[in-house]
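Below: one structure, written as structure tokens.
Residue numbers (our numbering): 17 to 698.
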């Protein structure tokens with residue numbers, strides 16, 4: 017019998033007794049026996065999961081992969097293998113980044129006092145391997161394990177700067193493991209008291225109250241086998257935990273019972289020409305009702321570096337096809353970046369055009385027929401090296417409409433490459449001005465000086481209406497912007513401020529002179545949304561979600577930019593779209609259309625609306641008012657179908673309904689900062 021098998025038997029005997037000496041209750045068996053051999057993480061978990069829900073991100077049994085990096089190898093790190101007649105969890109990736117650690121987690125965020133025993137066998141001691149406990153998210157937790165020739169107990173709590181994790185070593189000791197022998201760590205948490213015993217090694221102790229409760233996890237920066245992970249708690253603590261869990265369930269059930277239920281309103285088939293998150297909405301046939309443009313993408317590679325519009329299909333929400341341009345490709349249904357396509361009344365005649373980039377042209381087409389009205393060459397590509405220098409002209413990374421000339425309508429066009437140059441055109445596709453900066457993914461325009469002309473916030477820079485650079489933070493920040501907005505957070509005519517979801521730089525709030533007011537290094541932040549999520553807090557709130565390296569961390573911010581709530585309900589990204597579901601002043605946001613983990617969440621982080629288990633698509637979602645009652649419908653789709661949900665109740669007659677002012681549908685992007693400003697219907 018192997019030495020690691022003997023270690024497991026000893027641990028199981030120890031765990032028959034709980035934290036306080038009484039007979040324990042098992043919270044997690046942890047022998048991996050309910051997992052099928054094969055990949056636990058998957059190579060398909062990449063940029064798709066930034067704003068799609070895919071099965072690969074769902075939990076497998078009791079476990080879920082908690083983080084992965086941009087390195088494709090890390091996305092295949094975790095697998096279940098069969099050894100000596102039992103399942104073993106194997107981490108196969110060598111990680112060299114200090115702000116990201118391959119990790120799987122299990123359990124309940126309400127677990128408080130418990131004993132965790134983990135047995136593991138690292139291939140080498142040239143990196144940390146061990147157990148995580150009282151896990152909040154994969155940037156906030158306690159850790160016990162080996163790192164080189166020592167064992168250590170530490171607490172991890174976000175970061176102090178760009179890629180600078182904030183870690184405190186609470187205790188450590190020298191430790192040498194015998195070759196090919198497993199290491200067993202038994203950790204007990206009881207209030208602020210932490211005790212960790214390494215079998216045939218030292219005992220580590222600490223008193224720390226940073227995290228009073230949380231899940232457990234396994235992590236390793238080197239290839240390692242995890243042989244078992246078991247959690248028990250005392251019977252008294254188990255009763256307290258069960259009471260906490262029941263209170264949570266009662267609260268959520270009560271909230272869900274008081275909210276309208278989603279009911280199916282429309283269902284459309286999109287065979288052969290469907291897509292992932294690349295729909296556009298607008299009145300194409302001029303009947304006063306929104307239609308949908310299904311846009312497939314043609315990618316010239318490498319991955320997402322050179323993409324343009326492929327086939328387009330214009331439809332009503334009754335499923336009638338208005339027109340189709342290009343040859344649909346049933347296999348070309350996914351996208352992990354933006355392309356240039358929007359629906360907009362560009363010339364102001366009351367009839368929508370489709371503006372899109374294809375074949376190195378920017379095209380203005382009739383919305384009702386798809387016929388080209390006029391076109392112009394896209395700007396000359398200024399990238400001379402690298403993956404974006406493939407073609408002499410840009411393909412068109414996105415389109416944004418604003419009013420830089422003071423015409424009173426958004427008749428000017430921002431077109432950009434990825435990620436260094438942008439150009440501003442008028443409605444006749446003539447060049448007005450251009451700029452070079454770290455453009456990020458998608459801009460935001462607002463009249464910040466009250467002269468009737470928009471200024472342009474793009475990346476970490478602010479430009480005046482004539483193209484003059486007002487200020488830039490490019491020299492201070494190391495990663496691109498994943499969402500920017502300029503908003504009055506007071507909601508009462510206060511000063512405008514910039515919110516910027518800054519990828520690995522976290523998120524920051526700045527005034528319009530370029531002074532950073534608050535900067536939170538909380539991981540790779542993106543897809544911010546600003547709305548009135550809570551009536552009990554002054555002004556507007558913001559919410560963001562993390563991806564790349566620590567996906568699924570959701571953070572709420574008060575009007576002054578201070579975080580007031582952070583939680584991690586899932587392990588994927590989201591568009592975080594605000595939704596006016598009730599017609600009252602508090603909005604929710606859509607996490608995903610997944611029945612088990614998705615739904616609508618409120619400003620306290622509670623799931624207040626669930627989607628029905630009716631076989632609906634779960635890949636992507638959008639929010640807009642389609643029935644005309646001021647409240648939002650939720651559009652969910654995949655490459656084969658589009659479903660639309662509305663509320664199962666009618667708004668009260670005579671009740672004034674909330675009708676917030678949103679980003680225009682003609683400025684739609686997978687990387688938009690979603691802004692929903694308070695307003696009521698007349």
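The C-beta atom is built at its ideal place from N, Cα and C for all residues, glycine as well.
Three-state secondary structure (DSSP) at residue 692?
Looking up residue 692 in the chain shown gives position 676. It is a strand residue.
Look at the alpha carbon of residue 587 and the alpha carbon of residue 367, and state the distance between them as a whole number of angstroms.
Residue mapping note: residue 587 aligns to position 571 of the chain shown, counting from 1. Residue mapping note: residue 367 aligns to position 351 of the chain shown, counting from 1. Distance between the alpha carbons of residue 587 and residue 367: 42 Å.
Compute the distance between the beta-carbons of residue 611 and residue 593, then report whether it is under 8 Å.
As a first step, residue 611 is located in the chain shown; it is residue number 595 there, counting from the start. As a first step, residue 593 is located in the chain shown; it is residue number 577 there, counting from the start. Not a contact, by the Cβ cut-off of 8 Å.
Alpha carbon to alpha carbon, how far is residue 206 from residue 171?
As a first step, residue 206 must be located in the chain shown, where it is residue number 190. As a first step, residue 171 must be located in the chain shown, where it is residue number 155. Cα to Cα, the separation comes out at about 16 Å.
Do residue 121 and residue 232 have their C-beta atoms closer together than 8 Å?
Residue 121 sits at position 105 when you count from the first residue of the chain shown. Residue 232 sits at position 216 when you count from the first residue of the chain shown. Yes. Within cutoff.
Between the beta-carbon of residue 439 and the beta-carbon of residue 482, is there less than 8 Å?
Along the chain shown, read from residue 1 onward, the residue named residue 439 stands at position 423. Along the chain shown, read from residue 1 onward, the residue named residue 482 stands at position 466. Not in contact: residue 439 and residue 482 (Cβ atoms no closer than 8 Å).
Express the C-alpha separation of residue 504 and residue 647 in angstroms, rounding to a whole number.
Here residue 647 corresponds to residue number 631 of the chain shown, with the count starting at 1. Here residue 504 corresponds to residue number 488 of the chain shown, with the count starting at 1. When rounded, the distance between both Cα atoms is 23 Å.
Indicate whether the contact test is met: 3 or more Cβ pairs, each with one atom in the stretch 101–111 and one in the stretch 209–224, closer than 8 Å.
Result no; under three Cβ-Cβ pairs closer than 8 Å.
Since residue 221 sits in a beta bridge, which residues does DSSP pair it with?
As a first step, residue 221 must be located in the chain shown, where it is residue number 205. DSSP output for residue 221 lists 211 as bridge partner(s).
Quick one: what does DSSP say residue 390 is sitting in, helix, strand or coil?
For this step, residue 390 is matched to residue 374 along the chain shown. Residue 390: strand per DSSP, three-state reduction.
Is it right to say residue 255 is buried, meaning 16 or more other beta carbons lie within 10 angstroms of its own, or is it exposed?
The sequence position of residue 255 within the chain shown is 239, counting from 1. Classification of residue 255: exposed, given that the 10 Å Cβ count is below 16.
According to DSSP, is residue 65 helix, strand or coil?
Taking the chain shown and counting its residues from 1, the one referred to as residue 65 is at position 49. In this structure, residue 65 counts as helix in the three-state DSSP scheme.
Can you give, in chain order, each stretch of the beta strand (DSSP E) that sits fully within the stretch 99–172 and has at least 3 residues?
You should have 102–107, 119–122, 130–138, 144–153, 156–163.
Considering only their Cβ atoms, is the gap separating residue 689 from residue 5 smaller than 8 Å?
The structure shown does not extend to residue 5, since the chain is modelled only from 17 through 698, so no value can be given for it.
Give the single residue among 463, 380, 182, 497 whose Cα lies nearest to the Cα of residue 363.
Translated into the one-based positions of the chain shown, residue 363 becomes position 347. When each option's Cα is compared against that of residue 363, the closest is 380.
Using a Cβ-Cβ cutoff of less than 6 Å, which residues in the same chain neighbour residue 618 once the five nearest sequence positions on both sides are dropped?
Translated into positions along the chain shown, residue 618 becomes position 602. Result list for residue 618: 604, 624, in chain order.
In the DSSP assignment, what residue or residues form a beta bridge with residue 45?
Within the chain shown, numbered from 1, the residue matching residue 45 stands at position 29. Bridge partners of residue 45: none, in fact.
For residue 545, does the three-state DSSP call read helix, strand or coil?
For the purposes of this step, residue 545 is taken as residue 529 along the chain shown, with counting starting at 1. Residue 545: strand per DSSP, three-state reduction.
If contact is defined by three or more beta carbon pairs under 8 Å, each pair taking one atom from either stretch, is the stretch 145–154 in contact with the stretch 260–275?
These segments do not touch.
Report all residues from its chain with a CB closer than 8 Å to the CB of residue 725; omit the five preceding and five following residues, and keep chain order.
It is not possible to answer for residue 725, since the shown part of the chain is limited to 17 through 698.
How would you label residue 447, buried or exposed, when you count the other beta carbons within 10 angstroms and need 16 or more for buried?
Counted from its first residue, the chain shown places residue 447 at position 431. Counting Cβ neighbours within 10 Å, residue 447 comes out exposed, since fewer than 16 surround it.
Can we say the stretch 309–318 touches the stretch 339–358, given the rule of at least three CB pairs closer than 8 Å?
With the cut-off at 8 Å, the stretch 309–318 and the stretch 339–358 touch.
Please work out which residues of its chain come closer than 6 Å, Cβ to Cβ, to residue 535, disregarding the five sequence neighbours upstream and downstream, and give them in chain order.
In the chain shown, counting from the first residue as 1, residue 535 sits at position 519. Answer for residue 535: 524, listed in chain order.
How is the beta strand (DSSP E) around residue 321 delimited, first residue to last?
For the purposes of this step, residue 321 is identified with residue 305 of the chain shown, where counting begins at 1. Run containing residue 321: none; DSSP gives neither H nor E here.
Are the beta-carbon atoms belonging to residue 123 and residue 44 less than 8 Å from one another?
Along the chain shown, read from residue 1 onward, the residue named residue 123 stands at position 107. Along the chain shown, read from residue 1 onward, the residue named residue 44 stands at position 28. Against a cut-off of 8 Å, the Cβ pair of residue 44 and residue 123 comes out as a contact.
For residue 273, name the three-state secondary structure that DSSP assigns.
To locate residue 273, count along the chain shown from 1; it is residue 257. Three-state result, residue 273: helix.
For the beta strand (DSSP E) that contains residue 338, what are its first and last residues?
Translated into the one-based positions of the chain shown, residue 338 becomes position 322. Residues 337–341.
Assess contact between the stretch 412–420 and the stretch 457–465, defined as three or more Cβ pairs (one per stretch) separated by less than 8 Å. Is contact present?
Taking 8 Å as the limit for Cβ pairs, the verdict is that the stretch 457–465 does touch the stretch 412–420.
What is the DSSP secondary structure of residue 537, counted as helix, strand or coil?
Here residue 537 is taken as the residue at index 521 of the chain shown, counted from 1. Correct three-state label for residue 537: coil.
Identify the continuous beta strand (DSSP E) that holds residue 487 and give its terminal residues.
Within the chain shown, residue 487 is the residue found at index 471, counting from 1. Counting along the chain, the beta strand (DSSP E) containing residue 487 begins and ends at 485–488.
Rounding to the nearest angstrom, what Cα-Cα distance links residue 513 and residue 538 in this structure?
To locate residue 513, count along the chain shown from 1; it is residue 497. To locate residue 538, count along the chain shown from 1; it is residue 522. C-alpha separation (whole angstroms): 20 Å.
Where DSSP assigns a beta bridge to residue 79, which residues make up the other side?
The residue you call residue 79 lines up with position 63 of the chain shown. DSSP lists 76 as partners of residue 79.
Residues in its own chain within less than 6 Å of residue 475 by CB, not counting five upstream and five downstream?
Counting from one through the chain shown, the residue named residue 475 turns up at place 459. Correct list, in chain order: 453, 454, 455, 456, 497.
Among 201, 687, 654, whose alpha-carbon lies nearest the alpha-carbon of residue 291?
By 1-based counting over the chain shown, the position of residue 291 is 275. Taking only the C-alpha atoms, the option nearest residue 291 is 654.
Do you know how far the Cα of residue 633 is from the Cα of residue 643?
The residue given as residue 643 occupies position 627 in the chain shown. The residue given as residue 633 occupies position 617 in the chain shown. Answer to the nearest angstrom: the Cα atoms are 21 Å apart.
Within this structure, are the beta carbons of residue 578 and residue 553 separated by less than 8 Å?
Here residue 578 refers to the residue found at position 562 when the chain shown is read from its first residue. Here residue 553 refers to the residue found at position 537 when the chain shown is read from its first residue. Cβ distance not < 8 Å, so residue 578 and residue 553 don't count as in contact.
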